[in-house]
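Residue numbers (the working numbering), protein chains in the order written: chain S, 1 to 264; chain C, 265 to 528; chain V, 529 to 792; chain L, 793 to 1056. Beta carbons are placed, not taken as given, at the ideal position from N, Cα and C, and that holds for glycine.
Number of protein chains: 4
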Amino acid sequence: DAPVAFILGPCQLESLAHARMMAERITEACAPSGARFIFKASYDKANRSSIGTERGLGIDEGLTILAKIRDEFGVPVLTDVHEPGQCAVAAEAVDVLQIPAFLCRQTDLLLAAGETGAAVNVKKGQFLAPWDMGNVASKLASTGNERIMLCDRGTSFGYNTLVSDLRGLPIMAGTGWPVVFDATHSIQQPGGQGTTSGGEREFAPVMARAAVAVGVSAVFIETHQDPDNAPSDGPNMIPISELAGLIDALTRFDALTRELSLKP
Amino acid sequence: DAPVAFILGPCQLESLAHARMMAERITEACAPSGARFIFKASYDKANRSSIGTERGLGIDEGLTILAKIRDEFGVPVLTDVHEPGQCAVAAEAVDVLQIPAFLCRQTDLLLAAGETGAAVNVKKGQFLAPWDMGNVASKLASTGNERIMLCDRGTSFGYNTLVSDLRGLPIMAGTGWPVVFDATHSIQQPGGQGTTSGGEREFAPVMARAAVAVGVSAVFIETHQDPDNAPSDGPNMIPISELAGLIDALTRFDALTRELSLKP
Amino acid sequence: DAPVAFILGPCQLESLAHARMMAERITEACAPSGARFIFKASYDKANRSSIGTERGLGIDEGLTILAKIRDEFGVPVLTDVHEPGQCAVAAEAVDVLQIPAFLCRQTDLLLAAGETGAAVNVKKGQFLAPWDMGNVASKLASTGNERIMLCDRGTSFGYNTLVSDLRGLPIMAGTGWPVVFDATHSIQQPGGQGTTSGGEREFAPVMARAAVAVGVSAVFIETHQDPDNAPSDGPNMIPISELAGLIDALTRFDALTRELSLKP
Amino acid sequence: DAPVAFILGPCQLESLAHARMMAERITEACAPSGARFIFKASYDKANRSSIGTERGLGIDEGLTILAKIRDEFGVPVLTDVHEPGQCAVAAEAVDVLQIPAFLCRQTDLLLAAGETGAAVNVKKGQFLAPWDMGNVASKLASTGNERIMLCDRGTSFGYNTLVSDLRGLPIMAGTGWPVVFDATHSIQQPGGQGTTSGGEREFAPVMARAAVAVGVSAVFIETHQDPDNAPSDGPNMIPISELAGLIDALTRFDALTRELSLKP
């Protein structure tokens, strides 16, 4: 079993300089633990709570920046796509296409993503049971793509709240595809601040630890140098100053999970 | 206050002949009650549970059929759109564009739909609280479109189950936009049959009655001449043979709601 | 089918004078509609959110007052019991014993209540599915008691929130026992105010209407002359000044439900 | 920080011989890890799903057996109490009184348990938020008792399903009282088998591991030599043959949690 990997980055691209600074600090945070990571950032926040908030740099500038990060830092990069027509172009710039949770049942988007041959990380809809993700993976796999990851980012639980049902991790692993736990979106409070989503940042490390003890292939964590002033997802992102400690703890829990042969 | 209106039709378009037959039988079912209806059918089931199920006739043939139904029967027609690029072309053929629940936060789709000037019926995501629909309506209204309808089709409640929180109807009406209750999707069991959704058809009339007693502008009901053999949503569609009785009951409950000035 | 009946009264007994005043005003509110009611009040709030709140007059004084109300007003009276030992003594003073929702699975309490021969109204636990109430009723019925009522007061939905799944009403009616809808507790927000429960009073009439349109044997409504200053459940009780209008509306909806033969 | 402790035993007492055999095998399972445990068993299943299932040996025989186990094995013993009148007598035989989840808001039961001076383990109601347990603990603490444990055994999530929200563990720890995670009831499916509860035994070790990685004072695990033929809770109990391996894994995860100073 491979050690746990990480998907790390800011919620959205802000500028090339910002992406470089984040990639550099993430590299530094992972180095002591020898942790491998994929750099993550969005070029477009296509489904924000309200119309009056920042959407991002757009696909052209965004992909250019991501391709530069990939080249300069020698790390794989990931971004999310929102329409079938974006998949092929994004796949030229990035290594992993991500399907947002709201869109995880959109057949055309899944097929277009799968057909690029890029790895695809698909997030479980907040409205889906973990066992429903087998059908989602089958849509992707119907294209011949065998680089599929299934990601849990929480499940609807009453209003403006998500819950992480960790039983879902081994259930999704039962499909045979690697499973990712999204530690920062799982603790989001959707719509919880009126026109933006809230969150309780302090629970992200807690839930990440729990997921790694259960056994996952990767952990997804959004991070920022100044979450309280980030253009999106501030309430749930981890300050980058705390990332090294978290990565260290998670790799140690993962080592124990693997030593005990408990990883699904 | 206007009497309750209806949005009626099969889940998906099967052929011109089938659409004509359905429109005719729906017209007959509504006539005794004097009920107004919008004919509804989908040209593409873009987010079905699994890849192996019927998607529909496609946008070209579908819109042609819907335009014919509109002309021949003199009724407004409604269909759902799935990508921004579909909105303008669909708006030429139909009177009402519908935004599927999973897509209700996709800003570009909402803007493209709003910009057509057509009426837009947006379904509340199963993952959203009713008060979150104000932000969704604002995205639409930002285009200057003032023909917005907000539709409740159930809220995630545990796995493979939806619940209708009827408090959501007056809460959504508080936005000032007319509110629609979707009686047949609200009682769906998403993914409840492995590769398709289940449902308990007998509860659709029950919930429709409750919603009309609470007070709504319109009720959305999918119907079919043979639900058990319909290409999609069979478990929750109403047999068309039962439609006249249901429309009659609902218009009578609505008359009482209006007489008592209880409609929001 | 009998017209809908009502279970009406303040959350808790405050004094004989208060109970008399409430019974008188409830009698006046029901008279124009010819509605039958059972007078409800608690002698002990045995499971309040926190230790620092008012529990009530206690069983001795409470039962004395309830017996007086029964005699003076010629109405049946109902109260809730919390331990097996309270059942026999309460059954001497009241017509209906009520099993609180949290206690609806306590076998000894159900058996003791059933054995009194008094009618028993058992509330569905917030943690139970409606179909689970068949087993609860069977515990009661095992005593030979055939005067059983099943009452829906909401189901847990995320934290500090209840939802009313109205499908539960016909499902519970499928047991053959009459079904009661509790309109004021269903809209409670348990623990929602820190050390007391919150609620949104304005939704009680809305949900009561919906339940009557679905079809129920009785509606349970707590009412008070000054809810904002009541010793318990103020946020969800109906002001008594609004009771007559509500009873009138509900009896009219019920008449329509019965006319259309829709009552389960 | 003390190492994680365990509360272990069969769901219900079956006989003195059975309790001895279980205590012996549990002692053997804990010895290699040096884990401390409290022996748990119920003398009465007072709230079973249906009337036709086994309730247990009763309080007199049950307490006699528990007192013998305590003496013979030199371990603390725990049992659950259901009415205020049982607390004082139970506290003579056992070290820890347990308040069942359904009863966690019953003020008289909490006060009676607290007044014995015995340690009290109170389970969070499936209908309560973790932050609501502060009020529950305050009821207990109002008696002067300072030996309080708060236990999470899952939260209602739709029908016939529980979910473990692990954020609840640090939230409850914020009260200052030690927190227990109940790994076998958390994965129960209440009422999920018609007249009994179901469960998915394989998830109990998974969730226990997650809870220990989050950080808890103790883990509660029901175990049996033949769960499939146990008189209650068979679907979710751990076979005793697997207990030693589980205790070993959990103590190792706990050691890492403590080493990293992550325990709340």
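In the DSSP output, which residue or residues are listed as bridge partners for residue i?
| i | result |
| --- | --- |
| G239(S) | One point to set straight first is that residue 239(S) is Pro, not Gly, in the sequence displayed. In the DSSP output, where bridge partners are listed per residue, P239(S) has H224(S). |
| V443(C) | L414(C) |
| V483(C) | F270(C), F445(C) |
| Q276(C) | S306(C) |
| A119(S) | V96(S) |
| G422(C) | None, per the DSSP bridge assignment. |
| T845(L) | Beta-bridge pairing links T845(L) to no other residue. |
| Q981(L) | G990(L) |
| T607(V) | L625(V) |
| F829(L) | F798(L) |
| V427(C) | T419(C) |
Would the beta-carbon of residue i fall within 8 Å of that of residue j?
| i | j | result |
| --- | --- | --- |
| A758(V) | C539(V) | yes |
| A67(S) | A1002(L) | no |
| C822(L) | I1039(L) | yes |
| L272(C) | T448(C) | no |
| L361(C) | V384(C) | yes |
| L668(V) | M700(V) | no |
| L57(S) | P84(S) | no |
| D524(V) | K651(V) | The displayed coordinates of chain V run from 529 to 792. Any statement about residue 524(V) would go beyond what the structure contains. |
| V955(L) | D165(S) | yes |
| G378(C) | T407(C) | yes |
| I830(L) | L855(L) | no |
| D608(V) | P628(V) | yes |
| A827(L) | T1043(L) | yes |
Can you have a look at residue i and say buried or exposed, based on whether 16 or more other CB atoms are within 10 angstroms of its CB?
| i | result |
| --- | --- |
| E356(C) | exposed |
| P1031(L) | exposed |
| D863(L) | exposed |
| S1112(L) | What the structure shows of chain L is the stretch from 793 to 1056, and residue 1112(L) is not part of that stretch, so it cannot be assessed. |
| P824(L) | exposed |
| A305(C) | buried |
| D254(S) | buried |
| D226(S) | exposed |
| G158(S) | buried |
| D152(S) | buried |
| D311(S) | Since the first residue shown for chain S is 1 and the last is 264, residue 311(S) is missing from the structure and cannot be characterised. |
| G117(S) | exposed |
| G844(L) | exposed |
| A904(L) | buried |
| A996(L) | buried |
Excluding the 5 residues preceding and the 5 following residue i in the sequence, name in chain order all residues of the same chain whose CB lies nearer than 6 Å to its CB.
| i | result |
| --- | --- |
| S314(C) | T459 |
| G991(L) | I979, Q980, Q981, P1027, N1028 |
| T175(S) | G134, A137 |
| A551(V) | F567, I597, F601 |
| P970(L) | M941, S1009 |
| A574(V) | H610 |
| F6(S) | A35, F37, V219 |
| Q465(C) | It should be pointed out that residue 465(C) corresponds to Arg in this sequence rather than to Gln. Taken in chain order, the residues that qualify are N500. |
Sorted by chain position, which residues of the same chain lie with C-beta nearer than 7 Å to residue i's C-beta, five sequence neighbours on each side aside?
| i | result |
| --- | --- |
| T371(C) | K403 |
| G13(S) | In the sequence on display, residue 13(S) carries Leu and not Gly. The residues are A19, A41, S42, Y43, G56, L57, G62, I65. |
| L419(C) | It should be noted that the sequence gives Thr, not Leu, for residue 419(C). Excluding residues within five positions, the ones whose Cβ falls inside 7 Å are Q390, L426, V427, D429. |
| F366(C) | N311, G389 |
Can you list, in chain order, the residues of its chain with a C-beta nearer than 8 Å to that of residue i? Leave out the 5 residues immediately preceding and following it.
| i | result |
| --- | --- |
| R25(S) | Q225, I240, L243 |
| M21(S) | Q225 |
| V353(C) | I323, L327 |
Next item on the list: Please list the residues of the stretch 948-971 of chain L that have a C-beta atom closer than 7 Å to any C-beta atom in chain C, keeping them in chain order.
Entry: F949, G950, Y951, T953
Next item on the list: Could you list the residues in the stretch 311-328 of chain C with a C-beta less than 9 Å from some C-beta on chain S, going in chain order?
Entry: N311, R312, S313, S314, I315, G316, R319
Next item on the list: Check distances from the C-beta atoms of the stretch 246-257 of chain S to those of chain L and list, in chain order, the residues that come in under 7 Å.
Entry: A249, R252, F253, L256
Check: If you measure beta-carbon to beta-carbon, which residues of the stretch 402-413 of chain C are closer than 8 Å to chain S?
Finding: S402, K403, S406
Note to self: What are the residues in the stretch 447-480 of chain C lying within 9 Å of chain S by C-beta distance?
What the structure shows: P454, G455, G458, T459
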